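Chemist: This is the structure I want to talk about, given as structure tokens.
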Amino acid sequence: MGFLINHHLVFRLSRGLLIVGVLGLTACGRGTVRDTPRAPVTELSGRTEIAPKVEHNPVAVSGRKNAAAHLVRSARRKVSAGKLSTAAGMLERAKNIDPENAVIWSNLADIRFRQGQYRDAESLALRSNSFAGSDRKLKRYNWQLIIKARTARGDKEGAARAREKLRSLR
Amino acid sequence: MVKKRQRRRRKRKLSSKSRRLSGWKRKSLKYMGLLFLVLMVPLVGYTIYLDFQVRANFDSKRYAEPARVYARPLELYVGKTITKQALLYELDRLGYKLVDRPTRSGTYVYNDNETEIITRRFVFWDEEQPSTHLKIRFQGKYIIGMTDGKTGKPITKSVRLDPLLIAKIFPSHNEDRILLRLPDEKAPVETRRAYERLIAVLKAVEDRDFDNHFGISFKGIARAIWSNLRAGGRRQGGSTLTQQLAKNYFLKPEKTLKRKFTEMLMAILIELHYEKKEILEAYLNEIYMGQDGRRAIHGFGLASRFYFNRTIEELELHQMALLVGMVKAPSTYDPRRNPEKALYRRNLVLQVLVDQKVIDRETMLAEKMKPLGVESARSHMNQKYPAFVDLLRKQLRRDYKDEDLVKGGLQIHTTLDPIIQYYAESSLSSQIELLERTKRLKPGSLQGALIVTNYSDGEVQAIVGDRNPKYPGFNRVLKAKRHVGSLIKPAVYLAALLSDKPDPRTGRPWTLASLLDDSEYVYRFRNGDVWAPKNYDKQYHGDVPFYLSLANSYNVTTARLGIEIGLDEVIATIKKLGFRRPVPKNPSLLLGAIEMTPLEVTQMYQTIANGGFNTQLKTIRAIMNSQGKILTSYPTKIERVVPPGPVLQINTALQYAVSQGTGRGLARFIPKSYNVAGKTGTTDDLRDSWFAGFTRSYLGVVWLGMDRTTGRRSGNTRLTGSTGALRVWGEMMRKINPGVLKLRPQEDWGIEFHWINPQTGLRVTENCEGAVQLPFRAGTAPEEDTSCRRRGIFKWAF
Numbered sequence: 001m002g003f004l005i006n007h008h009l010v011f012r013l014s015r016g017l018l019i020v021g022v023l024g025l026t027a028c029g030r031g032t033v034r035d036t037p038r039a040p041v042t043e044l045s046g047r048t049e050i051a052p053k054v055e056h057n058p059v060a061v062s063g064r065k066n067a068a069a070h071l072v073r074s075a076r077r078k079v080s081a082g083k084l085s086t087a088a089g090m091l092e093r094a095k096n097i098d099p100e101n102a103v104i105w106s107n108l109a110d111i112r113f114r115q116g117q118y119r120d121a122e123s124l125a126l127r128s129n130s131f132a133g134s135d136r137k138l139k140r141y142n143w144q145l146i147i148k149a150r151t152a153r154g155d156k157e158g159a160a161r162a163r164e165k166l167r168s169l170r
Numbered sequence: 171m172v173k174k175r176q177r178r179r180r181k182r183k184l185s186s187k188s189r190r191l192s193g194w195k196r197k198s199l200k201y202m203g204l205l206f207l208v209l210m211v212p213l214v215g216y217t218i219y220l221d222f223q224v225r226a227n228f229d230s231k232r233y234a235e236p237a238r239v240y241a242r243p244l245e246l247y248v249g250k251t252i253t254k255q256a257l258l259y260e261l262d263r264l265g266y267k268l269v270d271r272p273t274r275s276g277t278y279v280y281n282d283n284e285t286e287i288i289t290r291r292f293v294f295w296d297e298e299q300p301s302t303h304l305k306i307r308f309q310g311k312y313i314i315g316m317t318d319g320k321t322g323k324p325i326t327k328s329v330r331l332d333p334l335l336i337a338k339i340f341p342s343h344n345e346d347r348i349l350l351r352l353p354d355e356k357a358p359v360e361t362r363r364a365y366e367r368l369i370a371v372l373k374a375v376e377d378r379d380f381d382n383h384f385g386i387s388f389k390g391i392a393r394a395i396w397s398n399l400r401a402g403g404r405r406q407g408g409s410t411l412t413q414q415l416a417k418n419y420f421l422k423p424e425k426t427l428k429r430k431f432t433e434m435l436m437a438i439l440i441e442l443h444y445e446k447k448e449i450l451e452a453y454l455n456e457i458y459m460g461q462d463g464r465r466a467i468h469g470f471g472l473a474s475r476f477y478f479n480r481t482i483e484e485l486e487l488h489q490m491a492l493l494v495g496m497v498k499a500p501s502t503y504d505p506r507r508n509p510e511k512a513l514y515r516r517n518l519v520l521q522v523l524v525d526q527k528v529i530d531r532e533t534m535l536a537e538k539m540k541p542l543g544v545e546s547a548r549s550h551m552n553q554k555y556p557a558f559v560d561l562l563r564k565q566l567r568r569d570y571k572d573e574d575l576v577k578g579g580l581q582i583h584t585t586l587d588p589i590i591q592y593y594a595e596s597s598l599s600s601q602i603e604l605l606e607r608t609k610r611l612k613p614g615s616l617q618g619a620l621i622v623t624n625y626s627d628g629e630v631q632a633i634v635g636d637r638n639p640k641y642p643g644f645n646r647v648l649k650a651k652r653h654v655g656s657l658i659k660p661a662v663y664l665a666a667l668l669s670d671k672p673d674p675r676t677g678r679p680w681t682l683a684s685l686l687d688d689s690e691y692v693y694r695f696r697n698g699d700v701w702a703p704k705n706y707d708k709q710y711h712g713d714v715p716f717y718l719s720l721a722n723s724y725n726v727t728t729a730r731l732g733i734e735i736g737l738d739e740v741i742a743t744i745k746k747l748g749f750r751r752p753v754p755k756n757p758s759l760l761l762g763a764i765e766m767t768p769l770e771v772t773q774m775y776q777t778i779a780n781g782g783f784n785t786q787l788k789t790i791r792a793i794m795n796s797q798g799k800i801l802t803s804y805p806t807k808i809e810r811v812v813p814p815g816p817v818l819q820i821n822t823a824l825q826y827a828v829s830q831g832t833g834r835g836l837a838r839f840i841p842k843s844y845n846v847a848g849k850t851g852t853t854d855d856l857r858d859s860w861f862a863g864f865t866r867s868y869l870g871v872v873w874l875g876m877d878r879t880t881g882r883r884s885g886n887t888r889l890t891g892s893t894g895a896l897r898v899w900g901e902m903m904r905k906i907n908p909g910v911l912k913l914r915p916q917e918d919w920g921i922e923f924h925w926i927n928p929q930t931g932l933r934v935t936e937n938c939e940g941a942v943q944l945p946f947r948a949g950t951a952p953e954e955d956t957s958c959r960r961r962g963i964f965k966w967a968f
């Protein structure tokens, strides 16, 4: 009798173990399907490693240029449609993406000039020049804008100085 | 004949009778007329009054929406420097749902390789950002690939997420709502469908004849009476949506016959004046949907956000059913407080929808199985940025009156970056706690404040005004006026580079290589008093080159230099850099005996970081009205105040301060190859610990100190700029991801680079031992030191 009971117990135990085993395997299987446990990130804790220098990755660099260029093109369309504030908003975005892009600063200067904000136009053109590097054409354009802005403000002396700068660039 | 006579008689009789009657009638008519007048005048008057009320309410409440303040939207594009963690954090903040497979806007999923998001549509000040299905790949700390989730094509432009709502500016009566506008044909299909569905549910439950009645529905009343009789009690009301809207315009809820009559009259008036679509829109925005403390939740737009953290477009059918079901009694069916009642009500509504043939049985059964899906109140209630909002309000007051801000549901788009703000807050709090422990300071005694800007356009990205950043108390960034110590020194050295007064030793203009005398110095005032500044290390260092004197923050050399070029010139330079208050004309000014707030320090360092362009700090990008039109935009305002050459020279010296000088400790946080420029500041008795510095894109100013500084020895933090504030700055900037700072002079700045020997300040060749390369203004290069070159060659040859 005792033997029988034991036999029965063994059978039940092994069946239980089998079920547990299968469940365990299924669980493991599930675990491998998903690479990491996913959860919303509600805190930004943990030690952050320093970023690799983005300047060294050509894909990242051209990605930025593309994103900014896209906005510059949209802004130009808005300018031709007469929507200057909207265009300026787009250029401000472009500038945040590619802050040392002299063309974006120059475009902003241009819009400020069209809006009659001559002082801002001049400052932005100067800022553009500070990023222009060897782009003499852009620098000339900016100086021409500065001349126009100073003239419009009645600053003849300043305009004359700007003209000199422009001549030195030819 | 007889007949004729008879008729005539009868006629006469009649007429006489009528005459008799008319006499009576005239009298009664007179009374009736009077009575009528007595009754009608007020009724007509009342109707006119109501009419006025209805129109006033309808037109004003239509736009009674608090001003909403938004953070900057996160721009996503290939090459964007952002960690996956940070993106996921932003998504969580915005209430995006983590799902298995994103199918609706406002959902996302991620794994090790890819993050997939369906963004929400949002109308920005410049253009609309449509909902976009994105797949994003990261490499290291930036986005390396972005494709369209549907087509698989690469996306090369920038896609903006919707901005985080960070604050609301309320009208006095604390009614909160998110104004909805019924979509027109131009709206996306998704949006139109969602609204159609919501309205169908609403009509089916609350007012089936809405499209046909004139404000009152007799059919509806009859149906209500019938159902109430059958149920033996008051179960259903016969009020139309228009009547309910009218009811909502009254502040006090009361159930009297007079009130019912007024409601009906108002409903008819509303229907006379406005189209069905306008009424529906007003209803969706006006109806009371619950209470959140003092804040009354009005309208479906806010209710949807408040209970589910979703927009109308994102609502599932069962969620719409619950919201519509709640209209009857928002507190009874509040899903957070009474989830069982809410569930019962929701399922009842779903049943009604089947009865009304709005949905089929299968849909109903499937929807009934779903849980309520209510968000905990947490996620959108703890987004508090008191210090930032404080500065924002200050700037808003320049252009807007307080009452104008709460009128028309303005949208204020700000520059706050929630990710940077997070790093700023956590770095400040954790470092303060750590410093208190290691320096054995009284727990809770050390305070701090910091500000991070994007210096190229002056956008304020983060502000912390207290070690407990959510505490809306004393905002130290704006209000703590503290001595700045050595933070003032760049202004002194810049003044020297700008000065016409030559270096008396050489008779030539000041350069980074000019040698400064660091030996005992005593300044005698006219009244006989003396001022004898000492170095922090209590040592004298002999002749020190200009750039290292600034980098090592020597006091004695700085004092001599400042006195040599004159206090007036130094003061003028401080003002040029952007400090607006009066500057005390005292030699101790040269070592920072001047009080500034962290904000004022930031304004000054903006000019230095931005190559001599004074850049107005701004917290606002644009303000839009509720129709999405720009009211005010805040473009970048810069002005060249200092020529770029000297600023570049100062910035070079500030880079040396980090690589070799008092800011050396930063290397623990950020590698030297990132060329960070910065300056430490420490004041007497270690009361203030400052660090101001900039990376490729960001300027950060950190202050640590104690609020109480009166009394001897009190307020001593046991911290210098480099052992205190610098650490907060370092931890924060390392998380923000500094870019490599490159100072690039333009050819017309007249800057030349030369190798010099720091010991002699003389020009040498590159291969000379210990030679450093420094920028000089054209024509100011020091004389050549031939001895060094000979020695170099000698060494090399033998």
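Top to bottom, those sequences are chains L and S.
The first sequence lines up with residues 1 to 170 when you count with the working numbering.
The second sequence lines up with residues 171 to 968 when you count with the working numbering.
Glycine included, C-beta positions come from ideal geometry on N, C-alpha and C.
Please read all numbers here as calculations on a predicted model, not as lab measurements.
Rounded to whole angstroms, what is the Cα-Cα separation between TYR266(S) and GLN521(S)?
Modeler: 30 Å
Chemist: For the alpha helix (DSSP H) holding TRP105(L), just list the boundary residues, first then last.
Modeler: 102-114
Chemist: Taking beta-carbon pairs under 8 Å, can you tell me which members of the segment 246-279 of chain S lie near chain L?
Modeler: So the close ones are TYR247, VAL248, GLY249, LYS250, THR251, THR253, GLN255, ALA256, LEU258, TYR259, LEU261, ASP262, LEU268 and VAL279.
Chemist: For GLY63(L) and chain S, any beta-carbon pair shorter than 8 Å?
Modeler: yes
Chemist: Mind listing the chain L neighbours of GLU809(S)? Cutoff is C-beta to C-beta under 8 Å, in chain order.
Modeler: ARG119 and SER123
Chemist: Please list, in chain order, the chain S residues whose beta carbon lies closer than 9 Å to that of ILE97(L).
Modeler: GLU245, TYR247, GLY249, LYS250 and SER328
Chemist: According to the Cβ coordinates, are VAL726(S) and ASP670(S) closer than 8 Å?
Modeler: With respect to the 8 Å criterion, VAL726(S) and ASP670(S) are not classified as neighbours on the basis of their beta carbons.
Chemist: Please confirm if SER128(L) has its CB atom under 8 Å from at least one CB of chain S.
Modeler: no
Chemist: Would you say ILE926(S) and PRO952(S) are within 8 Å of each other, going by their C-beta atoms?
Modeler: yes
Chemist: If the cut is a Cβ gap below 9 Å, which residues of chain L does ILE582(S) touch?
Modeler: In chain order: nothing, as chain L lies at least about 15 Å away.
Chemist: So, do the segment 472-484 of chain S and the segment 430-440 of chain S have three or more beta carbon pairs nearer to each other than 8 Å?
Modeler: no
Chemist: In three-state terms, what does DSSP make of MET316(S)?
Modeler: strand
Chemist: Tell me the DSSP secondary structure of TYR868(S) in three-state form.
Modeler: Reduced to three states, the DSSP call for TYR868(S) is strand.
Chemist: Given this structure, state the Cα-to-Cα distance separating LYS540(S) from HIS488(S), to the nearest angstrom.
Modeler: Each residue's Cα considered, the two are about 8 Å apart.
Chemist: Which bits of chain S does SER106(L) rub up against, with CB to CB less than 7 Å?
Modeler: Simply none; closest approach about 13 Å.
Chemist: Any beta carbon of chain S sitting closer than 8 Å to that of TRP72(L)?
Modeler: For the record, residue 72(L) in the displayed sequence is Val; it is not Trp. No, VAL72(L) does not count as interfacial toward chain S.
Chemist: Whole-angstrom Cβ separation of TRP105(L) and LEU124(L), contact assumed at under 8 Å?
Modeler: 6 Å
Chemist: Please report the distance separating the alpha-carbon of ASP569(S) from that of GLU100(L).
Modeler: Straight-line Cα distance between these residues: approximately 31 Å.
Chemist: Check whether the Cβ of ALA160(L) lies closer than 8 Å to any Cβ atom in chain C.
Modeler: No chain C is present in this structure, whose protein chains are L and S.
Chemist: Please state whether DSSP places SER599(S) in a helix, a strand or coil.
Modeler: helix
Chemist: Counting only beta-carbon atoms, is GLN916(S) nearer than 8 Å to chain L?
Modeler: With respect to chain L, the C-beta atom of GLN916(S) has a partner C-beta closer than 8 Å.
Chemist: Suppose the cutoff is 8 Å on Cβ atoms and the five residues either side in sequence are ignored; what does the same chain contact list for PRO915(S) look like?
Modeler: PRO814, GLY815, LEU818, ILE921 and PRO945
Chemist: Does DSSP classify ARG906(S) as helix, strand or coil?
Modeler: The residue asked about is misnamed: residue 906(S) is Ile in this sequence, not Arg. In this structure, ILE906(S) counts as helix in the three-state DSSP scheme.
Chemist: Any Cβ of chain S within less than 8 Å of the Cβ of GLU164(L)?
Modeler: GLU164(L) does not count as touching chain S.
Chemist: Does the distance from the C-beta atom of PHE292(S) to that of LEU368(S) stay below 8 Å?
Modeler: no
Chemist: Any Cβ of chain L within less than 8 Å of the Cβ of PHE292(S)?
Modeler: no
Chemist: Which partner residues does GLY698(S) have in the DSSP bridge list?
Modeler: The partner list for GLY698(S) (beta bridge, DSSP) is empty, contrary to what the question assumes.
Chemist: Mapping the DSSP letters down to three states, classify TYR804(S) as helix, strand or coil.
Modeler: coil
Chemist: Any beta carbon from chain S within less than 8 Å of VAL33(L)'s own beta carbon?
Modeler: Confidence is the limiting factor: at VAL33(L) the pLDDT is only 39, short of 50, which leaves the residue's position unreliable, though a coordinate-based value still follows. So no, VAL33(L) is outside the interface.
Chemist: Do the CB positions of ASP346(S) and LEU472(S) come within less than 8 Å of each other?
Modeler: Taking 8 Å as the Cβ cut-off, ASP346(S) and LEU472(S) qualify as a contacting pair.
Chemist: Name, going along the chain, the residues of the segment 74-91 of chain L whose beta-carbon falls closer than 7 Å to a beta-carbon of chain S.
Modeler: SER85, THR86, ALA88, GLY89 and MET90
Chemist: Could you name the residues of the same chain whose beta carbon sits closer than 6 Å to that of ARG307(S), not counting the 5 residues immediately before and after it, in chain order?
Modeler: GLU284, ILE314 and GLY315
Chemist: Taking the straight line between their C-alpha atoms, what separation do you get for ARG30(L) and TYR278(S)?
Modeler: Because the pLDDT at ARG30(L) is just 39, under 50, the model does not fix this residue reliably, and the value given afterwards should be weighed accordingly. Computed Cα separation, rounded: 20 Å.
Chemist: Would you please verify whether the beta carbon of TRP295(S) is less than 8 Å from any beta carbon of chain L?
Modeler: yes
Chemist: What is the DSSP secondary structure of PRO243(S), counted as helix, strand or coil?
Modeler: coil
Chemist: Should ALA557(S) go down as buried or exposed, given a rule of 16 or more other Cβ atoms within 10 Å for buried?
Modeler: buried
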